[in-house]
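Quick note, the sequence shown lines up with residues 7 to 735 if you use this note's numbering. Glycine included, each C-beta is placed from N, C-alpha and C at the ideal position.
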Amino acid sequence: MSIKAAGRTFFLETKHSLYQMKADSRGVLKHLWYGENTGQDMEYLLDYPDVSFSGNIYDAQDQRSYSLDTMPLEYASEGTGDYRISAVSVCHENGASALDLRYEGYRILPGKYSIPGLPAVYAGESEAETLEITLKDTASDVRVVLKYGVLPEYDVITRSAVIMNDGADTVMLNKAHSLCLDIPYGSWEWIHFHGRWARERNPQRLKLLHGIQESSSIRGTSSHHQNPAVILCKEGCSETNGTCIGAALMYSGCFQAQAEYDQLRQVRLVMGIHADLFCWELKPGDSFYTPEVILSHTENGLQALSHQFHRVLREHVCRGKYQKAERPVLINNWEATYFDFNEEKLLKIAEGAAALGVDMLVMDDGWFGKRDSDTLGLGDWSVNKEKIPGGLDGLVKKINGLGMQFGIWFEPEMVSEDSDLYRAHPDWAIRIPGRNPVRSRFQLVLDISRADVREYLFRAVSRILRLANIKYVKWDFNRSVCDWYTESLPAGRQKEMPHRFVLGLYELLDRLTGAFPDVLFEGCCGGGGRFDAGILYYCPQIWCSDDTDAFERTQIQYGTSFFYPVSAMGSHVSAVPNHQTGRVTSLRTRAVTAMCGSFGYELDLNTLTEEEKEEVKSQIRAFKEFGPLIHNGKFYRLSDPYHDNYAIWQFVSEDQKETLVQGMIFRSEPNMLRSPVVLRGLDPQKKYCLREDGRVYSGSALMAGGLLLPETSGDYVPVEFYLSVSLSH
Ligand code: DGJ
């Protein structure tokens, strides 16, 4: 049993952590602890002075120190004397915004709850337990059910809330966050992941100072600019040591994560749908379900936290055939041709790739309608016969004849004004009546909050997928959303639209992935603009960034790896000079970097020299050999590519019998000293043999002294060591 109730104190235990809360005698649900498993009721730590200007709820009577403004709360509401950031805000029929939530009861259920219409961690009855705590407003019939999913073996606790209107009047829900986590003690920092197009997920670590720190998106997607995942860590927490708590929101739209450091030096973290673009009408009897937050805690530093997230995302978020099946090595024609391709060109690219061992050709943007540039054609999902005269089936048969599988690109949620779809249904594009819409990449966004639009898209995409033997879909989304307005809702409910848009996306993805279970769906949003745990529920891999430069990718993939597993990161070898940066790196360097992901190519391999082609063959052989270790092993960040002159990472198999160290040394220096790189995660007692020269090292030597990085000349020199347990020693 991972969930225990002792009176009204709740203990949620995972293998190494304890989450604790208590409904006190007044029914206020206080947060007591989230940290290592002390085996103790931690309420003794809560002791508050009489803080002036922090009022007392009425039933506190003469207890001046009893204030919602100072105590750690499990789900903070607005309007009843807690002046910190709230998790929930409700406006009642009379216009007043207040909720005084008190404990009503609890249920413990086997297994893990699911959330209607939203992605959520899934688990069997032997793997998880659910706790539901019901709170009720003192003055209305608004109830909140807090849901906790405990996966003890994973050191993971999930949270979500249901806000129910059990009264006779309609209420407006102005804010409904998924998480409220109060941490009363310690000196905390937070790490969030910022960026921009082609520069996603740069970690930024900041000391929490008094006031509010925020990471959020109002772009309609989780965005390139901030990622819906943050870490709270104690001062001094390193990769290998120290206390940290990670929170990843399973949501792909506008989100908000805020950390407040308050007057009493306590931290409150809230996370959920962005409140500025949200309001939901709750009629009598209605319920609202928030998305889920995945929480994990460790005392063993950031790498252990990452391992916990990687494992739960791989095993309890990703689904379907490709959750476990090896991913195909693919070649994508985008950077090889952009829009300028036809069947003949594609076949040449495919022939060249097939000869070198590539498994799949992916036909990117430009195959449909009149799509010869990014100014037109989106929405017309029928094959352009001028480019592909034999039709899709004809092309796919030829590709299959080469021994390759076939994949295809879509951007279903978008429309070009110059398209038959737009001419037929201009009202399907999002725009505010009486205003010109904002164009971005010349395109408009379809209102997928509407069922008729989703039905059209389901049919359009399914029709194409049934036309031929298609085994992969790249699902793109190439702009941020604004002009939020939908004809399907009255004026007073327009703020429901951003969330309804995301619900629409999930419904569409759910239907399509359900209808085509053998197809590998890869998420994409101009690279990694919608890289989140919500998308991973439908797409086990996501195109990590439109920046394919190997050096840049070491940083992007490093930042991405704090939460997301390597198997989730689409990563390709592209041409040099690199199209985004103009940088030239060797073919080997590009491959080593791309292998830290779901591997593929993004260039015309026919343009390579014979020697390079041989190298590609051996890269593909290497990925086939190391793929299971890379995708299922533990991933260690051995350096910080923002500060060190090298990026080195390591994979270790579950049984600790093999390890692969890869990376690159950035810049050459005269009289360069060879730095040792210290390995991790090995068995100190075992002897490991370096494949390169047969030398044998003990696990303890590798983890104390390490291996010397090679002597280098030139920049961006690749590094690769493979070691496996030596049977003869
Ligand atoms: C953005 C994607 O990230 C690229 O890989 C490519 O598919 C283009 N869109 C096509 O328009």
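Exercise. Where residue 193 and residue 235 are concerned, what is the direct C-alpha to C-alpha distance, given to the nearest angstrom?
Worked result: 20 angstroms
Exercise. What do you get for residue 386, buried or exposed, if any count of 16 or more other CB atoms within 10 angstroms of its CB means buried?
Worked result: Counting every other CB atom within 10 Å of its CB across the protein chains shown gives residue 386 a total of 16 or more, marking it as buried.
Exercise. What separation, rounded to the nearest whole angstrom, lies between the Cα atoms of residue 230 and residue 263?
Worked result: 15 angstroms
For this session: Check residue 642 in the structure and name its three-state DSSP category.
Result: strand
Exercise. DSSP three-state call for residue 143: helix, strand or coil?
Worked result: strand
Exercise. Among 43, 31 and 10, which has the Cα closest to the Cα of residue 23?
Worked result: 43
Problem set entry | Beta-carbon spacing of residue 78, residue 189 below 9 angstroms | yes
Exercise. Could you check where the beta strand (DSSP E) with residue 254 kicks off and where it finishes?
Worked result: 250-255
For this session: Answer yes if the stretch 159-178 comes into contact with the stretch 288-298, meaning at least three C-beta pairs across the two stretches below 8 angstroms, and no otherwise.
Result: yes
Problem set entry | residue 7 in three-state terms, based on DSSP | coil
For this session: May I ask whether a heavy atom of the ligand DGJ can be found less than 8 angstroms away from the beta carbon of residue 549?
Result: yes
Exercise. So residue 598 is in the alpha helix (DSSP H); what residue range does that whole segment cover?
Worked result: 593-600
Exercise. Are the stretch 536-554 and the stretch 317-329 in contact at 8 angstroms, needing three or more beta carbon pairs?
Worked result: yes
Exercise. In three-state terms, what does DSSP make of residue 59?
Worked result: coil
Exercise. From which residue to which residue does the beta strand (DSSP E) around residue 653 run?
Worked result: 652-658
For this session: Spatial neighbours of residue 143 within its chain, please: CB distance less than 7 angstroms, with the 5 preceding and 5 following residues excluded, ordered by chain position.
Result: 105, 106 and 107
For this session: Verify whether the separation of the beta carbon atoms of residue 118 and residue 157 is less than 9 angstroms.
Result: yes
Exercise. Would you say residue 417 touches the ligand DGJ, meaning its beta carbon is less than 8 angstroms from a heavy atom?
Worked result: With a cutoff of 8 angstroms, residue 417 counts as near the ligand DGJ, since its C-beta is closer than that to a heavy atom of the ligand.
Exercise. Looking at the unbroken beta strand (DSSP E) that takes in residue 258, where does it start and where does it end?
Worked result: Per DSSP, residue 258 belongs to no beta strand (DSSP E) and is neither H nor E.
Exercise. So the alpha helix (DSSP H) residue 320 belongs to, where does it begin and stop?
Worked result: 307-322
For this session: Can you grab the Cα-Cα spacing for the pair residue 451 / residue 536, in whole Å?
Result: 15 angstroms
For this session: With a 10 Å radius around its C-beta and 16 neighbouring C-beta atoms as the bar for buried, classify residue 209 as buried or exposed.
Result: By the beta-carbon neighbour count (other beta carbons within 10 angstroms, threshold 16), residue 209 is buried.
For this session: Report the residue from 723, 602 and 588 whose alpha carbon sits nearest the alpha carbon of residue 549.
Result: 602
For this session: Could you tell me which residues DSSP pairs with residue 266 in its beta bridges?
Result: 218 and 274
Problem set entry | C-beta atoms of residue 560 and residue 418 nearer than 9 angstroms | For the 9 angstroms CB-CB criterion, residue 560 and residue 418 do not form a contact.
For this session: Spatial neighbours of residue 686 within its chain, please: CB distance less than 8 angstroms, with the 5 preceding and 5 following residues excluded, ordered by chain position.
Result: 246, 309, 642, 644, 656, 658 and 709
Exercise. Are there three or more Cβ pairs, one per stretch, closer than 8 angstroms when the stretch 711-721 is compared with the stretch 670-687?
Worked result: Verdict: yes, contact present.
Exercise. Are the stretch 12-26 and the stretch 44-51 touching by the rule of at least three beta carbon pairs closer than 8 angstroms?
Worked result: Contact between the stretch 12-26 and the stretch 44-51 is present, because at least three Cβ pairs lie under 8 angstroms.
Exercise. Does the pairing of the stretch 466-486 with the stretch 388-406 give three or more beta-carbon distances under 8 angstroms?
Worked result: The answer is yes - the stretch 388-406 touches the stretch 466-486, with three or more Cβ pairs under 8 angstroms.
Exercise. Hey, which unbroken runs of the beta strand (DSSP E) at 3 residues or more fall wholly within the stretch 83-123?
Worked result: 94-97 and 107-116
Exercise. I think residue 615 touches residue 580, with their Cβ atoms under 8 angstroms apart; what is that distance to the nearest whole Å?
Worked result: That belief does not hold up - the Cβ atoms of residue 615 and residue 580 are roughly 17 angstroms apart, past 8 angstroms.
Exercise. Shortest alpha-carbon distance to residue 251 belongs to which of 233, 302, 292 and 242?
Worked result: Closest by alpha carbon: 302.
For this session: Using 8 angstroms as the cut-off, classify the Cβ of residue 340 as near or not near the heavy atoms of the ligand DGJ, replying yes or no.
Result: yes
For this session: Could you please give the first and the last residue of the uninterrupted beta strand (DSSP E) stretch that includes residue 25?
Result: 23-29
Exercise. With 16 other CB atoms within 10 Å as the buried threshold, where does residue 649 fall?
Worked result: exposed
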